[in-house]
Amino acid sequence: MPEAPPSVVASHRGALTASSPTPRTSPVWAGVDVGGRRKGFHVAVVDGRRLVAGPVRLTGPAAVVEWIGPWRPRVVGVDSPCSLAEEGKTMRDCERLFSPRTLCGIRPTPSASTLARQRRKRGAAATYYEWIEHGLELYAALREAKLTAIDVFPTASWTRWLGPRRGETRARWSSRALASRHLRGVPSHLGQDGRDAIGAALTACAYTNRRYEPFGEMVVPLADDRRGPARR
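Our numbering puts the first residue of the sequence shown at 39, with every later residue one more than the last.
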């Protein structure tokens with residue numbers, strides 16, 4: 039997806055200075071929009087009713103873990119495949135469930151051998167799938183930190199919450215979809231990556247509340263999910 043101006047750019051060393059958590063009793067969820075190594079990650083934290091931190095742009099998996107770890111999110115929604123396609127297949131089985139007729143289109147995830155062949159190409163083509171590799175590194179870092187992560191797709195979330203894009207610009211459509219969540223504290227000017235990070239966090243919240251539909255190993259929220267965090 040196109041790179042948008044980040045709200046905050048943080049290196050690993052200074053990541054926590056941008057937005058450090060204060061003691062909280064209510065649960066929170068994190069969302070991550072994944073880019074290649076140059077673009078990095080955009081990360082946000084929500085409590086189901088308001089944006090409590092971010093979106094912030096971070097440079098690598100370790101920086102993401104360092105930044106979100108102190109928030110102790112219930113679940114982290116990651117906008118990137120959590121696995122590769124099986125050898126001999128052109129996409130993951132879960133991605134075959136997506137189409138404009140069922141929900142929305144989706145870019146196919148390659149197999150390991152396809153990924154390796156792409157990496158051997160010259161120029162920019164060699165990094166075409168770099169964001170997927172970066173995402174897999176993030177999943178590994180989150181597992182190491184004992185943070186629960188799920189595979190989400192904000193475009194599918196926006197479609198569920200608002201309806202198909204139908205020729206509307208992606209920026210306007212996703213802005214309207216985010217506004218439909220009535221989340222407090224959202225900045226008036228956000229890039230697409232920031233919106234998708236928030237959408238990923240809201241999808242993680244829906245997952246905890248059991249207000250979602252599984253598309254294989256991917257999580258898609260239900261259309262009527264407007265509830266805040268589940269009460270204990």
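Just so you know, even glycine gets a beta-carbon here, dropped at the ideal spot from N, CA and C.
Predicted, not measured: the structure shown is a model, and the values here were computed from it.
Asked	Found
Coil, strand or helix - Ile188 by DSSP	strand
Outcome for His172 when other beta-carbon atoms lying within 10 angstroms are tallied against a minimum of 16	buried
Pairwise C-alpha distance: Leu200 and Arg214	8 Å
Boundaries of the alpha helix (DSSP H) in which Trp169 is found, first to last residue	Glu168 to Glu182
For His80: DSSP bridge partner residues	Asp71 and Arg95
8 Å Cβ cutoff met for Leu221 and Leu135	no
Spatial distance of Ala183 from Pro65 (CA atoms)	18 Å
Other residues of its chain near Ala150: CB distance less than 8 Å, five sequence neighbours each side excluded	Leu122 and Glu125
Residues near Asp131 by beta carbon distance below 7 Å, same chain, minus five either side	Gly254
Buried or exposed by the 16-neighbour rule on C-beta atoms within 10 Å, applied to Ala274	Given a span of 39 to 270 for the chain in the structure shown, any question on residue 274 remains unanswerable.
For Asp117, three-class secondary structure by DSSP	strand
Asp234 versus Pro192: straight-line alpha-carbon distance, rounded	6 Å
Through-space distance from Trp196 to Glu168, alpha-carbon basis	25 Å
Any non-hydrogen atom of the ligand COA closer than 7 Å to Pro119 Cβ	This structure does not include the ligand COA; it has no bound ligands of any sort.
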